[in-house]
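Undergrad:
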Amino acid sequence: MPGDHAASSEPAQTAPLAPEQTAPQMVPPQAEPRLARPAPDPSLAPSEGEDWQIPAQMLYSSDATERSFLTERRGIQNALARALDKPAAQWGISAEIADALLAQARLHYRHAQGPEGLSVLEGLDRANLSGGQELRRAVMELALGLIDPRDTGLTQRAQAMLGPAYASWPDQPVFIALLAIRKKDYDQAADLLPTVQERMQHLPKGYREAILPGLLEAAIASEDWHSARDFALDFRKHAGLRDSSAFHYLLGRAAEAGQDLLAAFDSYALAGKKHDLYGHRARTAVVAMGLRHDLMDIPEARELLERESNIWRGDDYALAVLTDLAALDRADGDRVAAVHTYGSILDRFPEQQEAGLARQKARALISELYAEGASGELPLSDFLRAHRKIAPDFRFEPGFDVQGEKFADRFLSIGSTLVAAQEYEAVHDHLAVARDLGLAEVTDVRLDELRLKQARSLEMGGRYDDALSALREPLASGETELEDQRGVLLAKLYASTGQGAAVLETAVARPDMEFLRLKAKAYFDREDWPASQGIYQQMWDEAGQELPFEDAINLLLASYRGGDWATTLALSQDFPELTSIPQWSTIAQGLLDPGAALWPLREDTARMRMNSAASTLETVEQAVQDPAKATN
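Position 363 of the sequence shown, counting from 1, maps to 363 under the UniProt record's numbering, and the rest follow consecutively.
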């Protein structure tokens, strides 16, 4: 399988396991265990010549003499109740109480109930125990800690039992091997498996049942087929193991090691029907075997692993599945799916070391994808699908706001204003929440810029009410430039929604041509000719010959209706293009008829000139509003 995936973590096998037949005997190498041992606790070390009756009594149990769990638990609770009723109990945990608690922990040990037994032993933390009680407690913490599914680690007392101070303890190799197996150090455990096989026969049946799967896996992984055969035969002595998913999975491992792929698949299939850890491992083993032997292509493997990632969650095996899935995505060239899988790793395993690597890989792929999308190299439809799959997992990741803004900018550039506005809003809101939660440092300027982009996109798309809603609250930064942008945008929105009075109430610190035009037009619509002409005149003074044609026409109309004939004449001289419209000859004749100056200034002459001018100016105004109609 491509990448560093869980399937590759399964040890390579070279020989089969056949529980019904005699397997080749392998003599383990004689070497000192390589497991790192903690420093001993001298207070717990036995005196010279002391035998191990105390731990033996705690650990060993005859299957024939075991009573039922409930019967024995009832007897222990009665003894504990009697001890608590004695006067000594008022001074703390007496020796009798401690013995009862140790007996209860031992009961949980015999039935392989790790968390329950350790919980009982925690009740002895404040007790003043004798040397023998301390020793029994340490032994119980060791045995129970090694089968605790929570994997909380061994106590210092338990670790000391594995040190050189207790090297003469006959059962120490059993627990050293179990600790090595728990750490998946199968090479270390392999040296001790023959000793474990011999010593474990004295342990309670329930405890043996709990440790057998790990021992068999260690034997298979280290290719100790003699020990593997013996452990496999022990499976058949336990009703809970003989048809378990663990047994079928491990038989599949052994068969695959012997290149019997059909038998391996059958065993994995049986195990995979169960919804436990070994069922999960069997299902992933099928995928690994299929890829390793070219029996399955990448899309098929990816589909199976994706399904498994939703079935099994929360532990290192689930993390391995996601790592495998991302590797398959990369191998298949599906960068978006790989990023999504990396996001799942970050979401489900944020504290794991693998999360840091997943974050780095995801950022690199995201940068590639969004750069291609922003440049147009990635088709818009692909860019949209990629963003919608990636964004939910990475909204709060540092720097993703920049990628989201690139996405919005790209869609705004091609006129998809609603998509752009929605993304600007999403980036703004997630940044605001991230700042409130202390996840990121975000300035007010950054948030204000995004809000303005959102409103501008909505305005461009004709969603004026939504744009006004986005700008309803004042900007938080107070930046003059941004405030001016907000003012101009508000003026445009008010003008587009017929709110001329609101346009006139809007003010900016440094008005630009766009804002002046909106103000002048608002005054023009209110027929405030002097005010309208004044602002258009300001625009003319600033723009000169670059004054847009429509603004020149409005200035012409405002100056005429305000009685400023000199401005009207000046416009005709400075803007020759005004003379290109069909109606201009009539305007010029009516306003600036040279012969009229020779006529006597009679009332009827003046009225005729004014009526002619009014008629032609209305024609010009119609031309501005509907050029096609005016041309006709």
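Glycine included, C-beta positions come from ideal geometry on N, C-alpha and C.
Taking the continuous alpha helix (DSSP H) assigned at TYR278, which residues delimit it?
TA: TYR278 -> alpha helix (DSSP H) spans 277–292.
Undergrad: Helix, strand or coil, according to DSSP, for LEU571 in the structure here?
TA: Helix at LEU571.
Undergrad: In whole angstroms, what separates the C-alpha of ALA138 from that of ALA160?
TA: The straight-line gap from Cα to Cα measures roughly 8 angstroms.
Undergrad: Taking the continuous alpha helix (DSSP H) assigned at THR443, which residues delimit it?
TA: THR443 -> no alpha helix (DSSP H), and no H or E assigned at all.
Undergrad: How about the region 79–87 and the region 110–120: do they share at least three Cβ pairs that are nearer than 8 angstroms?
TA: No, the region 79–87 is not in contact with the region 110–120.
Undergrad: Three-state secondary structure (DSSP) at ASN128?
TA: Correct three-state label for ASN128: coil.
Undergrad: My output table needs one value for ARG472: the three-state DSSP class, helix, strand or coil.
TA: Of the three classes helix, strand and coil, the one that applies to ARG472 here is coil, per DSSP.
Undergrad: For PHE235, does the three-state DSSP call read helix, strand or coil?
TA: Helix, per DSSP.
Undergrad: Tell me the rounded alpha-carbon separation between GLY461 and PHE411.
TA: Rounded to the nearest angstrom, the two C-alpha atoms are 12 angstroms apart.
Undergrad: Out of PHE396, ALA543 and GLU368, which one is the CA nearest neighbour of ARG335?
TA: When each option's Cα is compared against that of ARG335, the closest is GLU368.
Undergrad: Have a look at TYR464, ALA189 and ILE97 and flag the residue whose alpha-carbon is nearest the alpha-carbon of ALA177.
TA: Checked all of TYR464, ALA189 and ILE97; the closest Cα to ALA177 is ALA189.
Undergrad: Could you pull out every residue in the same chain whose Cβ sits closer than 7 angstroms to the Cβ of ARG510, ignoring the five residues on either side in sequence?
TA: These residues qualify, in order along the chain: ASP484.
Undergrad: Distance, Cα to Cα, ILE220 vs PRO173?
TA: The straight-line gap from Cα to Cα measures roughly 19 angstroms.
Undergrad: Using CA atoms only, rank isn't needed, just tell me which of LEU102, GLN259, LYS274 and GLY214 is closest to SER245.
TA: Closest option to SER245, Cα to Cα, is LYS274.
Undergrad: Specify, as a first and last residue, the run of the alpha helix (DSSP H) that PRO299 falls within.
TA: Here the alpha helix (DSSP H) through PRO299 covers 298–311.
Undergrad: DSSP three-state call for ASN274: helix, strand or coil?
TA: Note on residue identity: the sequence assigns Lys, not Asn, to residue 274. Coil, per DSSP.
Undergrad: Please say whether GLN403 and TYR424 have beta carbons closer to each other than 7 angstroms?
TA: In this structure, GLN403 does not lie closer than 7 angstroms to TYR424 by Cβ.
Undergrad: Beta carbon of LEU216, beta carbon of LEU241: below 7 angstroms?
TA: The answer is no: Cβ separation not under 7 angstroms.
Undergrad: Here's a check: name, in chain order, each residue in its chain whose Cβ is nearer than 6 angstroms to the Cβ of PHE383, leaving out the five neighbours to either side.
TA: GLY373.
Undergrad: Any idea what DSSP makes of ASP604, helix, strand or coil?
TA: At ASP604 the pLDDT is 49, less than 50, meaning the model places this residue with poor confidence; the figure from the coordinates comes in the next sentence. Three-state result, ASP604: helix.
Undergrad: Under the three-state reduction of DSSP, which class applies to LYS86: helix, strand or coil?
TA: Coil, per DSSP.
Undergrad: Would you call the CB atoms of LEU450 and VAL433 closer than 7 angstroms?
TA: No; because the gap between Cβ atoms is not below 7 angstroms, this pair is not in contact.
Undergrad: Sorted by chain position, which residues of the same chain lie with C-beta nearer than 6 angstroms to ALA362's C-beta, five sequence neighbours on each side aside?
TA: Contacts found: VAL339 and TYR342.
Undergrad: Where do the ends of the alpha helix (DSSP H) carrying LEU490 lie?
TA: That run of the alpha helix (DSSP H) goes 480–496.
Undergrad: Is the distance from the Cβ of LEU322 to the Cβ of ARG302 below 7 angstroms?
TA: Contact flag unset, no.
Undergrad: To which residues of the same chain is LEU365 closer than 7 angstroms at the C-beta, ignoring the five residues directly before and after it?
TA: Here the set comprises ARG335, ALA338 and VAL339.
Undergrad: Would you mind sorting GLU505 into buried or exposed? The rule is 16 or more other CB atoms within 10 Å of its CB.
TA: GLU505 should be labelled exposed.
Undergrad: Could you give the DSSP three-state label for SER61: helix, strand or coil?
TA: Of the three classes helix, strand and coil, the one that applies to SER61 here is coil, per DSSP.
Undergrad: If distances are taken between C-alpha atoms only, which option among GLN201, ALA218 and LEU304 comes closest to ASP185?
TA: Among GLN201, ALA218 and LEU304, the Cα nearest to that of ASP185 belongs to ALA218.
Undergrad: Assign MET161 to one of three DSSP states: helix, strand, or coil.
TA: Reduced to three states, the DSSP call for MET161 is coil.
Undergrad: Between GLN352 and ARG359, what straight-line distance do the alpha-carbon atoms span, to the nearest angstrom?
TA: Those two C-alpha atoms are separated by around 11 angstroms.
Undergrad: Is the region 231–239 close to the region 265–274, with three or more CB pairs under 8 angstroms?
TA: Not touching, per the Cβ criterion.
Undergrad: Where MET200 and ASP243 are concerned, what is the direct C-alpha to C-alpha distance, given to the nearest angstrom?
TA: Near 21 angstroms, if we compare the C-alpha coordinates of ASP243 and MET200.
Undergrad: Taking the beta carbon of THR71 as the centre, do at least 16 other beta carbons fall within 10 Å, making it buried, or is it exposed?
TA: The residue in question, THR71, is exposed, as its Cβ has fewer than 16 Cβ neighbours within 10 Å.
Undergrad: Taking 7 angstroms as the threshold (C-beta atoms), are GLY562 and GLN533 in contact?
TA: Yes. Within cutoff.
Undergrad: Should ILE97 go down as buried or exposed, given a rule of 16 or more other Cβ atoms within 10 Å for buried?
TA: It counts as buried.
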